[in-house]
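Trainee: Just remember that our numbering sits 141 ahead of the position in the sequence shown, which is counted from 1.
Glycine included, each C-beta is placed from N, C-alpha and C at the ideal position.
Okay, handing you the structure first.
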Amino acid sequence: MLKNTSLFLIRLFVGGLFIFSGLIKVNDPVGTAIKLEEYFDVFATDIASFFYLFKDIALPLAVFLVVAEVVLGVMLIVGVRLRFTVWALSLMILFFTFLTFYSAYFNKVTDCGCFGDAIKLTPWESFIKDIILLVLIGVLFYFRKDLSKQGPSWANWTARISLVLSLILAITAIRNLPFIDFRAYKEGVNIQEAMLPSAPLQYSYVMEKDGDLYTFDQYPMEEGYEFVEMKLINEEALPKISDFAVWNSEGDYTEGILSGKKAVILAFNLAKVNPDHLTAFDALVSQLEGSNITPILVAASSEDEIQALIAERKWNLVGYQGDATVIKTIMRSNPGIMLLEDGVVVKKYHHRNTPDAQEVKRLLQ
């Protein structure tokens, strides 16, 4: 009796954590795909070059993984095909543990994306979390013969419904934008304020004297101390945004984009932009001419590529360059549009939902 109760509690905890983690990432499968691409880049360099090929299937692989997390978590809790479920979770947690260990030990990918952008964990925190899950799933695996093979009919339907709903949510998030935006550039954020510390940064100073280490809140003025390192005490006060920048051959335009009313077309890869997705942008740029709203293009491409696109689409606007990682963080659509008013993110749109000029003027009136 005690063993069955303990196994059920483990099932409840592990299943609940997988459902929670999966739902956060179902909300933003593109973000999970971006994280997988980071891993594939690292593995292609450090392990074998063929990992680079997986970048082309990063998005469908991301959808598979995030949906599997949710469905397997549901199956574990309600008791559907428990032996199969434990096998599947064992393989999944081994895969995740390898990723987080690699990130932590080699300091390659500093954020595993275990809980998307909602909860940030350090690489070692992520690894410890996976070790705990590995132990708990290991217990279930050891006692897998004591788990029932088949749950009640309602449990089977629950698992099927979770599969269908998870797929629908993931596809909807891909074809639009995440339902909930956990990123630093979410709507309502003042980018200028987010680029500043939330409080004065405080440091401690590690000094060495006669072979011993000492820590001071203020740099010591006494002689005999040798500086070792400086540590930030209040990391939570660091700026939420530290890498936002926009530029072209004429210079930096970061301050310019954060003043006035801007309709910013964003693209993190112009080479992969479908021309059919730009038709609505053509109309918007044309209709904003003569208004107090300035349309601009920011892309993670060469200036020649940017100018070629502007000329091809006959857009009356200025093009700028930006960092691909930053643009991917801001916008999950390639391309997409962000409305700014004095640096405040007013609204973001997937290219499928490009607004007309009337809506833009209403929002930036």
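Work out the CA separation of residue 180 and residue 169 for me, nearest whole Å.
Mentor: For residue 169 and residue 180, the distance between alpha carbons rounds to 18 Å.
Trainee: Using a Cβ distance threshold of 8 Å, determine whether the segment 368-388 contacts the segment 414-425, with at least three qualifying pairs required.
Mentor: Too few Cβ pairs lie closer than 8 Å, so no.
Trainee: Return the Cβ separation of residue 498 and residue 425 in integer angstroms, given the expectation that the two are a contact with Cβ distance under 8 Å.
Mentor: Their Cβ separation, rounded to whole angstroms, is 6 Å, which keeps residue 498 and residue 425 in contact under 8 Å.
Trainee: Taking residue 346 as the reference, give the member of 370, 144 and 186 with the closest Cα.
Mentor: The shortest Cα separation from residue 346 among 370, 144 and 186 belongs to 370.
Trainee: Would the segment 247-261 and the segment 330-349 be scored as touching if the rule is three or more Cβ pairs under 8 Å?
Mentor: Judged by Cβ distances under 8 Å, the segment 247-261 makes no contact with the segment 330-349, as fewer than three pairs qualify.
Trainee: Just to confirm, is the Cβ distance from residue 213 to residue 229 under 7 Å?
Mentor: Yes, Cβ-Cβ distance for residue 213 and residue 229 is below 7 Å.
Trainee: DSSP on residue 214, reduced to helix/strand/coil?
Mentor: Helix at residue 214.
Trainee: How about residue 407 and residue 472: do their beta carbons lie closer than 7 Å?
Mentor: Yes, the pair counts as a contact, with Cβ atoms nearer than the cut-off.
Trainee: Between the segment 218-227 and the segment 277-288, can you find at least three pairs of beta-carbon atoms closer than 8 Å?
Mentor: These segments touch.
Trainee: So what does DSSP say about residue 388, is it helix, strand or coil?
Mentor: In the structure shown, residue 388 sits in a strand (DSSP, three-state: E or B).
Trainee: Under 7 Å, do residue 365 and residue 350 count as touching if we go by C-beta distance?
Mentor: For residue 365 and residue 350, yes; Cβs fall inside 7 Å.
Trainee: Looking at residue 268: is its Cβ nearer than 7 Å to the Cβ of residue 236?
Mentor: Not in contact: residue 268 and residue 236 (Cβ atoms no closer than 7 Å).
Trainee: Do you know whose CA, among 264, 288 and 458, lies nearest residue 435's CA?
Mentor: Of 264, 288 and 458, the residue nearest in Cα terms is 458.
Trainee: Is residue 360 helix, strand or coil when you go by DSSP?
Mentor: Three-state DSSP puts residue 360 in coil, outside helix and strand.
Trainee: Expressed to the nearest angstrom, what Euclidean distance is found between the alpha-carbon atoms of residue 422 and residue 481?
Mentor: If you take the alpha carbons of residue 422 and residue 481, they lie about 16 Å apart.
Trainee: What residues are listed by DSSP as bridge partners for residue 373?
Mentor: According to DSSP, residue 373 bridges with 344.
Trainee: Nearest-angstrom Cα distance between residue 375 and residue 271?
Mentor: Computed Cα separation, rounded: 27 Å.
Trainee: Sorted by chain position, which residues of the same chain lie with C-beta nearer than 7 Å to residue 308's C-beta, five sequence neighbours on each side aside?
Mentor: Cβ neighbours of residue 308 beyond the five flanking positions: 208.
Trainee: Roughly how many whole angstroms lie between the Cα atoms of residue 164 and residue 311?
Mentor: Each residue's Cα considered, the two are about 9 Å apart.
Trainee: By Cβ distance below 7 Å, which residues in the same chain neighbour residue 300 in space, the five residues on each side in sequence not counted?
Mentor: Closer than 7 Å at the Cβ level, and outside the excluded window around residue 300, lie 212, 215, 216, 219 and 221.
Trainee: Within its chain, find whatever has a CB closer than 8 Å to the CB of residue 395; leave out the 5 residues flanking it on each side and keep chain order.
Mentor: Once the five neighbours on either side are set aside, the close Cβ partners of residue 395 are 385, 386, 387 and 388.
Trainee: When the Cα atoms are used, what is the spatial distance from residue 298 to residue 449?
Mentor: If you take the alpha carbons of residue 298 and residue 449, they lie about 53 Å apart.
Trainee: Sort 373, 354 and 327 by Cα distance to residue 340 and report the nearest one.
Mentor: Selected option, being the one with the closest Cα: 373.
Trainee: Counting pairs of beta carbons, one from the segment 319-329 and one from the segment 182-197, are three or more of them closer than 8 Å?
Mentor: No, the segment 319-329 is not in contact with the segment 182-197.
Trainee: Which partner residues of residue 408 appear in the DSSP bridge assignment?
Mentor: Residue 408 pairs with 440.
Trainee: Smallest Cα separation from residue 294: which of 302, 288 and 315?
Mentor: Checked all of 302, 288 and 315; the closest Cα to residue 294 is 302.
Trainee: Out of curiosity, what's the CA-to-CA distance linking residue 195 and residue 314?
Mentor: When rounded, the distance between both Cα atoms is 22 Å.
Trainee: For residue 505, which residues from the same chain have a beta carbon less than 7 Å from its beta carbon, with the 5 sequence-adjacent residues on both sides left out?
Mentor: 402, 434, 480, 482 and 487, listed in sequence order.
Trainee: Determine which residues share a DSSP beta bridge with residue 317 and list them.
Mentor: Paired residues: none, contrary to the question.
Trainee: Please classify residue 145 as buried or exposed, where buried requires at least 16 neighbouring CB atoms within 10 angstroms.
Mentor: Under this definition residue 145 is an exposed residue.
Trainee: Quick one, which of 398, 183, 361 and 223 has its alpha-carbon nearest residue 286's?
Mentor: Out of 398, 183, 361 and 223, 223 has the C-alpha closest to the C-alpha of residue 286.
Trainee: Thinking C-beta only, is residue 492 closer than 7 Å to residue 318?
Mentor: No, these two residues do not count as a Cβ contact at 7 Å.
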